[in-house]
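Below is one structure, written out as structure tokens; the observations come after it.
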């Protein structure tokens, strides 16, 4: 223990980069990243539920536009979408004088919009797949009870589909966290932005990025843990017996 | 067929021999110096239609060599290999807009700086902003390129009043100044001249306050010639030459020929007295 303590003291005494000042940069970056990712995921899920139901609709005028939307947002890189929303909107004449400018003047909201639309597209497809794969027996049973289509959706299909979508959605949450690193290109001081700043200030890329990588790892771990716990509880009925 | 090959070989041998003797002759003549430069960097150096090098640094370099009584030739070298090339004796000095930094000083020896580009505050023409009155700047946004000396300056001097946006490239900064997201930008002068024509009267942008070149702890001492550490005598000759072109106004004449702004760094008297 003594030795370990001494080793740590030696390690930290040579440290000029991680002062209170830079650590506060990382901290505010962490707050920004969590805010941005959490908000975009939340709004994304709210958008994705009706879109996923509509995506499975038999009516073409509902199905096709939603398909086009998910195709475009899953088919282009998030970085490009962010550039289009951030730098693209200013090419609309007169936007600076409209009420939209309140939203688009900051860097946060364009990024939130791009991230939300992106994650909503992926989540729509995840939910749609889960809804489509609902066991025939469950639907037939519901129909035998005389449930209407609406009631069946609410009571049988959606609860079952959301549970089965959980592992795939957990992945999407982690992907979104990692994808949020591109926010720093539009001047948002998120975790990666803070790391860039420290890198540029001290010319120490390894220290700056290894530190931020560790923070991302911790975040990812807590997300994984949350989903693992949720899956254990909500998917208990799908586990093989006696396991 | 055989004859062709033989004559080609002979010609080749003769030619290389000639080059060899020429190189020998140059080495014998102690006043011959090779200067390394990265081409092109307008208007400092470009290759013209005839294939010759021209530009501010070419003229300045030739002038310096004439003052130092040296026979100079130019060697083209791309930027990432320019210091290794010097250390490998591909040329004897670098004259290629190289800014003095502590990192480089560990590998090469610098002459006195001969120029430094200023930085400049720019805002929309119709805005009434007084850059020297710090209290009035509270809440305004400024855009800078991340990690540059301008970033360091703004962070250090205005970090507590201005809302600093850091961008990956200076093109992005200019975009957001034009879009109206930024109230101010602090830019490298030549880049600003290129990207925002703020000096025309009908331009929507204007310069605020004076151009800024100090403190040297942030903006650096400027661009200088670089030599191998042991070539102290050669560096001293060029230091004297730099002092001389500043003293008699030759530098200003050259500068006016290529630039319409001031990038001089006049050497101090004690630097020149040495």
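Residue numbers (full-length UniProt numbering), protein chains in the order written: chain A, 1 to 243; chain B, 1 to 274.
Heads up, the beta-carbon is just placed ideally off N, CA and C, and yes, glycines get one too.
Since this is a predicted model, take the numbers as computed values, not measurements.
Sequence-ordered contacts of the stretch 73-103 of chain A with chain B read 87, 90, 96 and 101 [C-beta pairs closer than 8 angstroms]. Runs of the beta strand (DSSP E) lying entirely within the stretch 105-134 of chain B, each at least 3 residues long, are 109-115 and 119-124 in chain order. In this structure, 102(B) is the residue among 102(B), 93(B) and 58(B) with its C-alpha nearest to the C-alpha of residue 218(B). Per the Cβ contact rule, the stretch 141-148 of chain B is not in contact with the stretch 87-105 of chain B (fewer than 3 Cβ pairs under 8 angstroms). For residue 185(A), the residues of chain B that pass the 9 angstroms Cβ criterion are 167, 168 and 172, in the order they occur in the chain. The C-alpha of residue 86(A) is placed about 7 angstroms away from the C-alpha of residue 186(A). Straight-line spacing of the CA atoms in residue 231(A) and residue 167(A) works out to 7 angstroms. Going by beta carbons, residue 195(A) and residue 204(A) fall outside the 8 angstroms limit.
Judged by pairs of C-beta atoms under 8 angstroms, the stretch 51-71 of chain B touches the stretch 240-255 of chain B, as three or more such pairs exist.
Using beta-carbon distances, residue 80(B) does not count as an interface residue toward chain A, since no partner is under 8 angstroms.
Looking at 94(B), 178(B) and 138(B), the one whose alpha-carbon comes closest to that of residue 75(B) is 94(B).
Assignment of residue 185(B) by DSSP, reduced to helix, strand and coil, places it in the strand class. Residue pairing of residue 227(B) in beta bridges, as defined by DSSP: 93(B) and 109(B).
For residue 119(A), the closest C-alpha among the options 36(A), 6(A), 54(A) and 94(A) is that of 36(A). Against residue 69(B), chain A offers no close residue; the least beta-carbon distance is about 40 angstroms (beta-carbon pairs closer than 9 angstroms). Given a length threshold of 4 residues, each whole run of the alpha helix (DSSP H) inside the stretch 230-257 of chain B is given here in chain order: 232-247.
In this structure, the beta-carbon distance from residue 209(B) to residue 132(B) falls below 8 angstroms. In the structure shown, residue 222(A) falls within a helical segment according to DSSP collapsed to helix, strand and coil. Nearest neighbour of residue 185(B) by Cα position, chosen from 166(B), 142(B), 213(B) and 205(B), turns out to be 142(B).
Contact with chain B is found for residue 105(A), since one of that chain's Cβ atoms lies less than 8 angstroms from the residue's Cβ. Runs of beta strand (DSSP E) with 3 or more residues, each lying fully within the stretch 44-75 of chain A, are absent. When Cβ pairs closer than 8 angstroms are counted between the two stretches, the stretch 173-189 of chain A is seen to touch the stretch 109-119 of chain A, the count reaching three or more. In this structure, the straight-line span from the alpha carbon of residue 229(A) to that of residue 126(B) is close to 59 angstroms. By the rule that beta-carbons nearer than 8 angstroms mark a contact, residue 213(A) does not touch chain B. Each of 123(A), 105(A), 22(A) and 148(A) was checked against the Cα of residue 88(A), and the nearest Cα belongs to 105(A).
A residue is called buried when at least 16 other Cβ atoms come within 10 angstroms of its Cβ; residue 1(A) does not meet this threshold and is exposed.
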